[in-house]
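Q:
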Ligand code: ADP
Ligand code: MG
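Numbering (my numbering), first residue to last: -7 to 332.
#1: Give a yes or no on whether the C-beta atoms belonging to residue 179 and residue 102 are separated by under 8 Å.
#2: Does the segment 161 to 174 touch the segment 66 to 84, meaning 3 or more C-beta pairs lie closer than 8 Å?
#3: So what does residue 321 bridge to, in DSSP terms?
#4: Return yes when at least one heavy atom of the ligand MG lies under 7 Å from the C-beta of residue 271, else no.
#5: Does at least one heavy atom of the ligand ADP sit under 7 Å from the Cβ of residue 258?
#6: Spatial neighbours of residue 185 within its chain, please: CB distance less than 8 Å, with the 5 preceding and 5 following residues excluded, ordered by chain position.
#7: Could you check where the alpha helix (DSSP H) with residue 75 kicks off and where it finishes?
#8: Are the segment 201 to 221 and the segment 90 to 98 in contact at 8 Å, needing three or more beta carbon pairs?
#9: Look at the Cβ atom of residue 116, then the Cβ atom of residue 146, and state whether they are nearer than 8 Å.
#10: Which stretch, first to last residue, makes up the beta strand (DSSP E) that contains residue 301?
#11: Roughly how many whole angstroms lie between the Cα atoms of residue 225 and residue 78?
#12: What is the rounded straight-line gap between the Cα of residue 192 and the Cα of residue 280?
#13: Do residue 276 and residue 312 have their CB atoms nearer than 8 Å?
#14: Along the chain, where does the beta strand (DSSP E) that runs through residue 231 open and close?
#15: What does the alpha-carbon distance come out to for the pair residue 129 and residue 265?
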């Protein structure tokens, strides 16, 4: 039985976040300061290790400002931002975008090419059609799905090489939800580094980026969410430093209707939630932007193709949990994962 009470989990997370707000504690590896907020439509937290509390607080505040700035840049839900203007100009004109947005779009297209469209940032019309929030959404007709899927085509994102981008056809839209958090985590790491921080854990929903190791020289231990358990229940841990650990799954955002679960990771070819036999994908990589794109891509590709892709990439590892609970670990991670 895999039914979950997402709303209750969210409430308890928010409750925990309120209680944790601006928490400072010593834990054997020096001072730890952490704060939590609801941003990017999820729970984000930044933990700073090994610096005095006032410095850590300033760093966390700067991190939250950076996240808010990036959210404005990359969100599909903000009227008047670059993404919105890009979509309004679809089929007609080039749009000037902030360099950060162009970079994320270019990276997204790279991953679309690498995965032959399993990952596709132009999946916007499909995402909008289903409108999947936690606990609600719409089950479209076959015709509606086909019409939305027909608008998805990453080869129709045109770059003029000078910071301007165009969607070739009217009706196209982009959704950077599968890559933005990774990009933002990398940016927060750079920001913290510039402020003299050397040890931190940045957590944006299912995206965790370990910056350095702990001040005492030990690794950060990062838990991997059990796709079949309540939020916070982990299936395994990995020990990491300077490493991103990103998870995607059918448990993160979904609604149920007539006993069927409809989740938020779409198969761009069918215009419906991906049904690849996986329930959870976790990617380890140095940069979080890569892990984020790949976690979504591998979820769509499924176990065999997904594992093959990850084994072909240097410095990237994965943990795959099948819908029946089967576990697959990539070759470079086998000695560094502990299942519960
Ligand atoms: P989360 O946002 O929960 O961390 P993901 O990184 O897997 O999970 O991103 C899922 C989001 O990405 C969806 O909510 C949607 O906005 C977008 N998306 C869904 N399917 C795809 C896809 N095949 N390719 C690119 N983006 C997608
Ligand atoms: Mg992703």
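C-beta: ideal position from N, C-alpha, C; glycine also.
A: Taking the structure as given:
#1: Sequence index remark: in the chain shown, residue 179 carries index 187 (1-based). Sequence index remark: in the chain shown, residue 102 carries index 110 (1-based). Contact flag unset, no.
#2: yes
#3: Locating residue 321 in the chain shown gives position 329, counting from the first residue. DSSP output for residue 321 lists 311 as bridge partner(s).
#4: By one-based count along the chain shown, residue 271 stands at place 279. Result no, Cβ not under 7 Å from the ligand MG.
#5: Within the chain shown, numbered from 1, the residue matching residue 258 stands at position 266. The answer is yes for residue 258.
#6: Reading the chain shown from its first residue, position 193 is the one you call residue 185. Taking residue 185 as the centre and dropping the five residues before and after it, the same chain places the C-beta of 203 closer than 8 Å to its C-beta, in chain order.
#7: Here residue 75 is taken as the residue at index 83 of the chain shown, counted from 1. Where residue 75 is concerned, the enclosing alpha helix (DSSP H) stretches over 74 to 80.
#8: no
#9: Here residue 116 refers to the residue found at position 124 of the chain shown. Here residue 146 refers to the residue found at position 154 of the chain shown. Against a cut-off of 8 Å, the Cβ pair of residue 146 and residue 116 comes out as no contact.
#10: Position 309 of the chain shown, counted from the start, is the residue given in the question as residue 301. Counting along the chain, residue 301 falls outside any beta strand (DSSP E), though it belongs to the alpha helix (DSSP H) covering 295 to 304.
#11: Here residue 225 refers to the residue found at position 233 when the chain shown is read from its first residue. Here residue 78 refers to the residue found at position 86 when the chain shown is read from its first residue. Each residue's alpha carbon lies about 40 Å from the other.
#12: If you number the chain shown from 1, residue 192 lands on position 200. If you number the chain shown from 1, residue 280 lands on position 288. One C-alpha to the other measures close to 14 Å.
#13: For this step, residue 276 is matched to residue 284 along the chain shown. For this step, residue 312 is matched to residue 320 along the chain shown. Cβ distance not < 8 Å, so residue 276 and residue 312 don't count as in contact.
#14: Position 239 of the chain shown, counting from 1, holds the residue named residue 231. Start and end: 226 to 232.
#15: To locate residue 129, count along the chain shown from 1; it is residue 137. To locate residue 265, count along the chain shown from 1; it is residue 273. Going from the Cα of residue 129 to the Cα of residue 265 covers about 12 Å.
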